[in-house]
Each structure stands twice: as C-alpha cells, then as structure tokens.
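Participant: Dropping a structure here in structure tokens format, bear with me for questions.
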Amino acid sequence: MDERAHLDRPATEAVYDSAATAPLSNGAAVSAMADAIEPATLARSGDGLGCHAGATTMREAASAAGKSEILARYAADYPKGPHDQPQSMCPAFGSLRVGLRMRRTATILSGSACCVYGLTFTSHFYGARRTVGYVPFNSETLVTGKLFEDIREAVFKIADPALYDTVIVTNLCVPTASGVPLQLLPKEINGVRIIGIDVPGFGVPTHAEAKDVLAGAMLRYARCEAEAGPVAAPRTRTDKPTITLLGEMFPADPIGIGMMLEPLGLAAGPVVPTREWRELYGALDCAAVAAIHPFYTASVREFEAASRKVIPSAPVGRDGTEAWLDAVGKACGIAQAKIDNAKNGILRAIQGALAATPIKGRVTVSGYEGSELLVARLLIESGAEVPYVGTACPQTRWSDPDREWLQAKGVTVQYRASLEQDIAAVESFEPDLAIGTTPVVQHAKQRAIPAMYFTNLISARPLMGPAGAGSLALVVNAAIAGKARFDRMSAFFEGVGEGHATGVWTEIPQDRPEFKAKYAKQQAATAKSEEAVGC
Ligand code: SF4
C-alpha cells in the first residue's frame, strides 16, 4: 500500500474524531491527553506525520498537542542556525546509545517502525548487545490515546526491580508531534525509576545533543532524589574532592585527567553520561564540573542547580592544559603556587611529547562529536596547519576558550556546519588530510585527498594531557603519507569516466542536462513543501 496515499484523500475522509470516541480501558491519563490535544491536531496526527511530513508541520502539531513547553526549551538549549539542521543521523540515536550503555537500564522506543528499525540496527552495529523495547502503534492507537496506554502497560511489565534501576521511554518524531504524554507515566514503579523523554528530529538538532536530553533528565531525577534524602553511595570512593567530567571520551582520558588533577589534591569524578545510576549522585557530589564536550546544556543546568561550578574547554595540548589547570585550581580555591607546581611537570611532559611526534601538513577538521575544536588545537600544537574546523554542534560558552584560541591562530571555526560548508572547506583549502564525517571523507578521497573518519579514527584515541599529545601524530602522519597511493589510484582509473559517464561503456551514455534541471526543480519544490525532517 502506498503509505502516502492518504495525503491525496479529501479532508472529510481523514477525520479521526469518531475513532476517538471508541471505548477504551484507559484511565485519567488518557482523558488528560485527550484534553490536551485539539481534534484538529488529532486529525492531522495520524499516519500523515513522519519523515515525509514537514518539520514545520510536525512542530505545529507537537505544540498544539501540548509539547510547546518542551519544544521551547529545546529551541533555547540547542539553538539552530546558520541553517536549520546539520546533516546528521537521527538524533534519537544519541539518547538511545546513552541508555543502552547504562547498567540495569531498560530502553523503550515509541515511534514509527522504520525509525525504530534504523535506530536498533545502528545500535547493534555499534555493539549495543542489549534489547531495545518497542511499543508499536497505528493511526488509531496514536490518535485515540491507546498508544499511551500501551506504553504504560509496557512500562509496568518491564519495571522489575530485580532487573532494572531505570526504564527509559523515548518518544520519537510522530509520537512527539502527536503529544503522547510521557510526563504522565508514573515516576517510579516498584522502586524502578521511569524517565520519559521526547527526542524528535524537529526539536533536537543532533544526536550529540540528544545525549544531553537524556543525561540532563537523569541528572534532574537524581538531583531531586539526593535532595529528598540519602542515596546509594558510589562503588568506589575517593577522599579527595572530585571533578566530574562531562562528555563521552576515550577510556584512557579520565585516567589521564585524574593523574593531572592529583598534584592539585583533586581526583577525576564520574564521566557523564554515566554507566550506572548511582554514578549520577557521585557526579553531582563534586567540587566542580569540567564541560569537556561543550553541548551538554541541560546537564549543565542541573549541575548549576546543585551549585556546582562548570569549567569550559579541556586539558588538550600545552596551552589548553595550562589554561584548564588554572581554571580548575581557581574554581576549587587552590593556591596559585600549588597550581603552578602541578603545571610544571605536566606541561613539560606534554611539550616533550608534542616535539617528539610532529605533524607536518594542512588538515581540515569536521565532525559531529563535539570535540572537533579540541582536536584542531592538538593538531596545531603538533605543528599542523589547520585552516578550518566545522562542528555540527552549536556555539556555547563552554567552547569559548577553544574558539578564541583557534581564531587567534587564523582558523575558521564553523558551528552548526553543514555538509556543504565542510566540503567547500576541503575544496578551497586543498588539505593534505581531510578529517571528517563519511560524506566529507568520501568527497576528499574522490579528489585523491587523504581523508580520515573522525568518529572511528580520531575519537578512538586519547586526546588529553601528556597521553593525548602525540597520539594523533601516528595516524595523521600515516594518512598524509598515503597521498602517493591516492595519486597512483587516480592515475590508474584515469579515463574510466566520471559523473554521468562513470564506468566502462561500449557506448558512453549521453548527458541530459535538461532532464536533470527539470527533475531538480521538481525535487526542490517537493523539498520546500515538505521540509524533510531528521533523516
Ligand atoms: S528524525 Fe527521522 S528517523 Fe529519527 S525519529 Fe524522526 S522521523 Fe524517525
């Protein structure tokens, strides 16, 4: 069946008001939902909403269905622009991954089957090895409120305290646009915490920021628990004041940071997003928070509500480490002499490592992890020329020191960078190496420019302190040295055609620019009317 066929039906046919009067075994929750959702919205919120509906339509429907407050918060926390949305994967992957990495945590998705298929596929591709729960829906269960009842039932079934500390339920695009009221779920069932979040592609721009949606929601819950009474102690305890580390990083980095904090009389605290619930209490119970990744706006709000100071940037390279140790020392009231003493040994080690493994060449950097500016700093301190850094993440005050440092060195820093901007940078700067996302890497390689995938190759090594200095050099220099291989490949394939004539032909296909122009026009008109969402 053509799923879009309903779009062409007369408006009188697609009315769900009478379906909404069907008797249900719902309680007060559904009446509250029904009150919150205008019939007009319900009429629009059936299977007509999905990836093929416009972002504006989805936002309007969600606002009308009672989600205006959450959308306004997302708009403030995760500002868009210069363009609407970076070309990135479904944002919900970020929050899904955070939940799947936590011990004793059950995850349930509520969304279109195609979205859930894609998200579970990607999760397992990245080694989740955990079950992803799914509550399916159809037009009727969505608009009558039965979907909420189904979710509620699923949550009650799965909330077994012997197995789980927490159940996380995520509304994807369609249930969010339809106002499925996860906030009406019980906060706790048999001691199992229930957390409902909305992660729509039309409200959360990147999967990085979706991590913050869930991390922020969990920190808020944990903060309220800690304020209400005693909470579980951490598994391992230090008698030193701790610095909570905000942002997922290479596993060796928290250890390296801990070694740098030791001479200050401090210790590295939990990394947020955490791997188990009780670490959230430890994260909140800190001397200060290091916003290693700068996009955790909701999480920062929770730390600030707990009166914790938040430190920007990260101990990357010589300059970055020096400034960061100063900022940590100041935030924790440590005497300058002690800070200087700590810096002496560490900065010498970093300088030595950087000098021992220099990088020679021009490198463009783009990615969506949030650590792009830090990587660029490290490359520059290693000797590389970095003319451009693009990140899908927004500009926040937590990356200000990095942006200022880079801009002072003449680097173009592009927040919310689009694929077109990243590719234009590769075109105009003609780097010896392009570090970027898959399509950027693909583009560079087609031009015989060595390229490396940011997520798999850069995020998979230490960046902080002495261990980070020099860790990039090995892979970066090896990649730059591969240029001759690319040239050989280009020469080998020379003449096999490109564009419309790509391949080996007995008769080279004729280019039809007029058809392409006509089709492009049609596509542009369709795209404008639909404003593709998320994917
Ligand atoms: S962004 Fe796309 S894949 Fe992700 S939930 Fe929304 S419609 Fe589905």
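The opening residue of the sequence shown carries number 102 in this note's numbering; numbering runs sequentially from there. Glycine included, C-beta positions come from ideal geometry on N, C-alpha and C. From a predicted model like this one, the values you see are computed outputs, not experimental measurements.
Check G280 in the structure and name its three-state DSSP category.
Facilitator: Here G280 sits in coil by DSSP.
Participant: Quick check for students: name the residue ranges of the alpha helix (DSSP H) that lie wholly in the region 488–566, counting only runs of 4 or more.
Facilitator: Listed in chain order, they are 501–509, 520–530, 539–547.
Participant: Give every residue of the same chain whose Cβ lies closer than 6 Å to the Cβ of P262, excluding the five residues on either side of it in the sequence, and list them in chain order.
Facilitator: So the list reads N291, G292, V293, once near-sequence residues are dropped.
Participant: What do you reckon, is the C-beta of A309 under 8 Å from a heavy atom of ligand 1?
Facilitator: A309: no, Cβ never under 8 Å from ligand 1.
Participant: Who are the near neighbours of V597 in its chain, counting only those whose CB is closer than 8 Å to its CB and skipping five residues on each side?
Facilitator: If we look at V597 and ignore the five residues flanking it on each side, its Cβ neighbours are T603, G604, V605.
Participant: In chain order, what residues of the same chain have a beta carbon less than 8 Å from the beta carbon of Q437, not counting five sequence neighbours either side?
Facilitator: Same-chain partners within the cutoff: G430.
Participant: List the whole-angstrom C-beta distance separating C191 from G228, where the pair is believed to meet the contact cut-off of C-beta under 8 Å.
Facilitator: About 18 Å; that fails the 8 Å criterion.
Participant: Quick one: give me the first and last residue of the beta strand (DSSP E) that P371 is part of.
Facilitator: From DSSP, the beta strand (DSSP E) with P371 extends over 368–373.
Participant: Given that a residue counts as buried once 16 or more other Cβ atoms are within 10 Å of its Cβ, and exposed if not, what is S408?
Facilitator: S408 is exposed by the Cβ-count criterion.
Participant: Between D533 and I609, which are expected to be in contact by the criterion C-beta below 8 Å, what is the C-beta distance as a whole number of angstroms?
Facilitator: With 8 Å as the limit, D533 and I609 do not qualify as a contact, their Cβ atoms being about 34 Å apart.
Participant: Is there contact here, the region 403–419 with the region 468–484, by at least three beta-carbon pairs under 8 Å?
Facilitator: Flag = yes, the region 403–419 and the region 468–484 touch.
Participant: Just curious, the alpha helix (DSSP H) that T422 is in, first and last residue?
Facilitator: Segment 418–432, the alpha helix (DSSP H) holding T422.
Participant: Quick one: grab the DSSP three-state call for V576.
Facilitator: Helix at V576.
Participant: Measuring straight from C-alpha to C-alpha, what distance separates E599 and Q547?
Facilitator: Distance between the alpha carbons of E599 and Q547: 10 Å.
Participant: Within the same chain, show all residues whose beta-carbon is closer than 6 Å to that of D354, passing over the 5 residues directly before and after it, in chain order.
Facilitator: Hits under 6 Å: P563, M565.
Participant: Reducing DSSP to helix, strand and coil, say where L273 ends up.
Facilitator: Of the three classes helix, strand and coil, the one that applies to L273 here is coil, per DSSP.
Participant: Can you tell me the Cα-Cα spacing of P352 and D313, whole angstroms?
Facilitator: Those two C-alpha atoms are separated by around 19 Å.
Participant: To which residues of the same chain is P180 closer than 6 Å at the C-beta, ignoring the five residues directly before and after it?
Facilitator: Result list for P180: P495, in chain order.
Participant: From the DSSP output, in three-state form, read off L347 for me.
Facilitator: Three-state DSSP puts L347 in a strand.
Participant: So within the region 285–323, which uninterrupted beta strand (DSSP E) runs reach at least 3 residues, ignoring any that extend past its ends?
Facilitator: Runs of the beta strand (DSSP E) inside the region 285–323: 293–299.
Participant: Inspect the beta-carbon positions of K439 and L365 and report whether they are closer than 9 Å.
Facilitator: In contact: K439 and L365 (Cβ atoms closer than 9 Å).
Participant: Given G200, which residues of its chain have a CB within under 7 Å of its CB, disregarding the five upstream and five downstream residues?
Facilitator: Here the set comprises T206, T208, I269, L315.
Participant: Quick one: does I559 have its CB under 9 Å from some CB of chain D?
Facilitator: Reference to chain D is not applicable here, since this structure consists of a single protein chain.
Participant: Hey, T458 and G571 are a contact pair by Cβ (cut 8 Å); roughly how many whole angstroms apart?
Facilitator: About 4 Å; that satisfies the 8 Å criterion.
Participant: Can A193 be considered in contact with ligand 1, in the sense that its beta carbon sits closer than 8 Å to one or more heavy atoms?
Facilitator: True, at least one ligand heavy atom lies under 8 Å from that Cβ.
Participant: Expressed to the nearest angstrom, what Euclidean distance is found between the alpha-carbon atoms of D178 and H394?
Facilitator: Those two C-alpha atoms are separated by around 15 Å.
Participant: Is any non-hydrogen atom of ligand 1 found closer than 8 Å to the C-beta of V236, if you look at the structure I gave you?
Facilitator: No, the Cβ of V236 stays beyond 8 Å of every heavy atom of ligand 1.
Participant: In the structure shown, what three-state DSSP assignment does I435 receive?
Facilitator: The answer is coil: DSSP assigns I435 none of H, G, I, E or B.
Participant: Is it right to say E405 is buried, meaning 16 or more other beta carbons lie within 10 angstroms of its own, or is it exposed?
Facilitator: By the neighbour-count rule (16 or more Cβ atoms within 10 Å), E405 is not buried but exposed.
Participant: For S591 and E615, I'd like the C-alpha separation in whole angstroms.
Facilitator: Going from the Cα of S591 to the Cα of E615 covers about 30 Å.
Participant: In this structure, does DSSP put A144 in helix, strand or coil?
Facilitator: At A144, the pLDDT of 35 sits below 50, so the modelled position is not reliable and the matter cannot be decided from this model.
Participant: For V634 and G302, what's the separation of their Cα atoms in angstroms?
Facilitator: Its pLDDT being 47, under 50, V634 is placed unreliably in this model, and the value from its coordinates should be taken loosely. Using only the alpha carbons, I get a separation of about 6 Å.
Participant: Three Cβ pairs or more, each shorter than 8 Å: is that satisfied between the region 319–327 and the region 506–520?
Facilitator: Output reads no: the region 506–520 does not touch the region 319–327.
Participant: Return the chain-ordered list of same chain residues with a C-beta closer than 6 Å to the C-beta of Q624, the five sequence neighbours on each side being excluded.
Facilitator: Taken in chain order, the list of residues that qualify is empty.
Participant: Whose C-alpha, out of A518, N578, V305, is nearest the C-alpha of L480?
Facilitator: Selected option, being the one with the closest Cα: N578.
Participant: Should V275 be listed as close to ligand 1, given that the test is whether its C-beta is under 8 Å from any heavy atom?
Facilitator: Indeed, a heavy atom of ligand 1 lies less than 8 Å from the Cβ.
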